[in-house]
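Worksheet: one structure, shown below.
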Amino acid sequence: MRLAVLDAGSNSVHLLISEVVGGVPLPAHSLKGPVHLADQVAVDGTVPPKAARRLAEAVAQAREQAGRWRCDRLFAYATAVVRDAANRDEVLETVRAESGMRLAVLPGEVEAELTFRAARRWVGLQAGPMALLDIGGGSLEVAFGRGALPDFAFSLPLGAGRLTREFLPGKGRPGREGLRELRRYVRATLKDVAARVRWEEPHTVVATSRMFQQLARLCGAAPGRDGPFVTRRLARTDLREAVQRLSRLTAAERAELPGISAARCRQAPAGAVVAHQAMKSMGIDQVTICPWALREGVLLRHLEQGGQDWWPSPVLRKEPVLRKEGARSGPLAGGPSTGPRSGPSPSPLTGPSTGSPTSSGTSPHVPSRLPLGRAPAD
Numbered sequence: 001m002r003l004a005v006l007d008a009g010s011n012s013v014h015l016l017i018s019e020v021v022g023g024v025p026l027p028a029h030s031l032k033g034p035v036h037l038a039d040q041v042a043v044d045g046t047v048p049p050k051a052a053r054r055l056a057e058a059v060a061q062a063r064e065q066a067g068r069w070r071c072d073r074l075f076a077y078a079t080a081v082v083r084d085a086a087n088r089d090e091v092l093e094t095v096r097a098e099s100g101m102r103l104a105v106l107p108g109e110v111e112a113e114l115t116f117r118a119a120r121r122w123v124g125l126q127a128g129p130m131a132l133l134d135i136g137g138g139s140l141e142v143a144f145g146r147g148a149l150p151d152f153a154f155s156l157p158l159g160a161g162r163l164t165r166e167f168l169p170g171k172g173r174p175g176r177e178g179l180r181e182l183r184r185y186v187r188a189t190l191k192d193v194a195a196r197v198r199w200e201e202p203h204t205v206v207a208t209s210r211m212f213q214q215l216a217r218l219c220g221a222a223p224g225r226d227g228p229f230v231t232r233r234l235a236r237t238d239l240r241e242a243v244q245r246l247s248r249l250t251a252a253e254r255a256e257l258p259g260i261s262a263a264r265c266r267q268a269p270a271g272a273v274v275a276h277q278a279m280k281s282m283g284i285d286q287v288t289i290c291p292w293a294l295r296e297g298v299l300l301r302h303l304e305q306g307g308q309d310w311w312p313s314p315v316l317r318k319e320p321v322l323r324k325e326g327a328r329s330g331p332l333a334g335g336p337s338t339g340p341r342s343g344p345s346p347s348p349l350t351g352p353s354t355g356s357p358t359s360s361g362t363s364p365h366v367p368s369r370l371p372l373g374r375a376p377a378d
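The numbering of the sequence shown is this note's numbering, which starts it at 1 and goes up by one.
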């Protein structure tokens, strides 16, 4: 079986084609086209028509490539930069009209659940209770679980691209006041979720995403040419020094550093601040870098469904409803905000153990961990 995933992200459109061998998706071909959507979002939160057309062109090229490889199934989705765009429907329609491809819009906490699924498969159950961190262009995904699926998963508005636009614009050296405001915002937004992760005391913390991989390389981890099976870790003490180092350089100078690509050199300081503040607030000394993330999670979910179709409709509502089950004592449990919110039923992908930030960017209420053995509803 040959499966493909098309990921329309903040910086690029990435097509991953995998051959399924023994129930495991093994990479066969990869194609990446730069679009830099995050850098083109307007002040009012809209994606300009020109940028939408460029996205559609990249999606069309990826779709054509998947057809040449005769893939049995193609999963195509857009992440935070499109999901949170003020003109999201117009962007999706442009892509559909000009590429013939309908992009699904996954809620952020569903991205976290699928990424956790992939990371858990990679590191194995022997890792014990595991937390996950994933920094994208538009959001930070956080999840925790003791089994194959997370007990809770959250998406926070702490993407490296988003924060660069809001706090550290330009290509020069970041200003001190901008960095201070950025740290304050990250700490405040992480407060509730970080307290919950600390309370769970994970044995292993796994970090995915290109941002974490590049930061680890900057801090001395093995280069990508050494292959995916080399153990790579990132220590908080090294990351603190990396934040200071990146903040003293212009974007062009950062691009000359080991691991920092030209595509992400502008976002590197904000990404490093988010990574460091997340580890600090959660009491994490070290993370293990995992090469599998959302794309692999999508493939694993499909394979584990045994042929049952679970892929969502192309357009999902922006804010899945937060529900609560299995109350237990502990920090953040209880209180008047723990009851179900009004509104439609949650997406079948999200389930009761997920949450999302409010539109104002404040930290969400964290629901109680599900009883052992429970997983987000399929």
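Here a beta-carbon is modelled for each residue, glycine too, at the ideal position from N, C-alpha and C.
The residues 85, 86 and 87, in chain order, have a CB closer than 7 Å to that of residue 46 in the same chain once the five nearest residues on each side in sequence are set aside. For the pair residue 153 and residue 44, the Cα-to-Cα distance works out to about 28 Å.
Contact between residue 59 and residue 13 holds: CB atoms are separated by about 6 Å, below the 8 Å threshold.
DSSP, reduced to helix, strand and coil, places residue 145 within a strand of the structure shown. Contact between the stretch 211 to 219 and the stretch 295 to 311 is absent: fewer than three C-beta pairs spanning the two stretches fall below 8 Å. With contact defined as three or more Cβ pairs closer than 8 Å, the stretch 165 to 172 and the stretch 129 to 142 are not in contact.
Around the beta carbon of residue 229, fewer than 16 other beta carbons lie within 10 angstroms, which makes this residue exposed.
The stretch 8 to 69 is shown to contain whole beta strand (DSSP E) runs of 3 or more residues at 12 to 21 and 24 to 34, in chain order. In the DSSP annotation of this structure, residue 279 is not part of any beta strand (DSSP E); the continuous alpha helix (DSSP H) holding it starts and ends at 268 to 281. If you ignore the 5 residues before and after residue 122, its C-beta comes within less than 6 Å of the C-beta of 290 and 292, all in its own chain and listed in chain order. Counting along the chain, residue 188 sits inside the alpha helix (DSSP H) bounded by residues 176 to 200. Runs of the alpha helix (DSSP H) lying entirely within the stretch 85 to 125 and spanning at least 4 residues, in chain order: 88 to 99 and 108 to 123. Where residue 238 is concerned, the enclosing alpha helix (DSSP H) starts and stops at 236 to 247. Within the DSSP secondary-structure output, residue 288 pairs in a beta bridge with 206 and 233. By the CB criterion at 8 Å, residue 19 and residue 129 fall outside the cutoff. Cβ contact annotation for residue 61 (same chain, cutoff 7 Å, sequence separation greater than five): 33, in chain order.
In this structure the stretch 90 to 109 does not lie against the stretch 174 to 182, because fewer than three pairs of beta carbons, one per stretch, are closer than 8 Å.
Per DSSP, residue 255 is not a residue of any alpha helix (DSSP H), being assigned neither H nor E. Less than 8 Å divides the Cβ of residue 74 from the Cβ of residue 4.
By the C-beta density criterion, residue 23 is exposed, having fewer than 16 other C-beta atoms within 10 angstroms. Residue 163 is not bridged by DSSP to any residue.
Going by C-alpha positions, residue 126 is about 32 Å away from residue 76. Put simply, the stretch 231 to 239 touches the stretch 264 to 283. At least three CB pairs are less than 8 Å apart. If the five residues before and after residue 298 are omitted, its C-beta is found closer than 8 Å to the C-beta atoms of 5, 75, 77 and 114, all from its own chain and listed in chain order. Residue 134 carries a strand assignment under DSSP once its states are collapsed to helix, strand and coil. Taking the CA atoms as reference points, residue 255 sits about 13 Å from residue 248.
Counting of Cβ neighbours within 10 angstroms places residue 189 among the buried residues, the total reaching 16 or more.
Counting C-beta atoms within 10 angstroms of its own C-beta, residue 192 has 16 or more neighbours from the protein chains shown and is therefore classed as buried.
In this structure, DSSP gives residue 76 an extended state, which the three-state scheme calls strand. Beta-bridge partners assigned by DSSP to residue 5: 16 and 75. The residue among 145, 42, 206 and 52 with its C-alpha nearest the C-alpha of residue 9 is 52.
Sequence-distant partners of residue 120 (beyond 5 residues in either direction) whose C-beta falls short of 6 Å from its own C-beta, in its chain, are 148. Counting along the chain, residue 158 sits inside no alpha helix (DSSP H), nor does DSSP assign it H or E at all. Separation of the CB atoms of residue 7 and residue 264 is rounded to 16 Å, and the pair is thereby denied contact status at 8 Å.
Taking the C-beta atoms as reference points, residue 194 is found no nearer than 8 Å to residue 287. In this structure, DSSP gives residue 263 a state outside helix and strand, which the three-state scheme calls coil.
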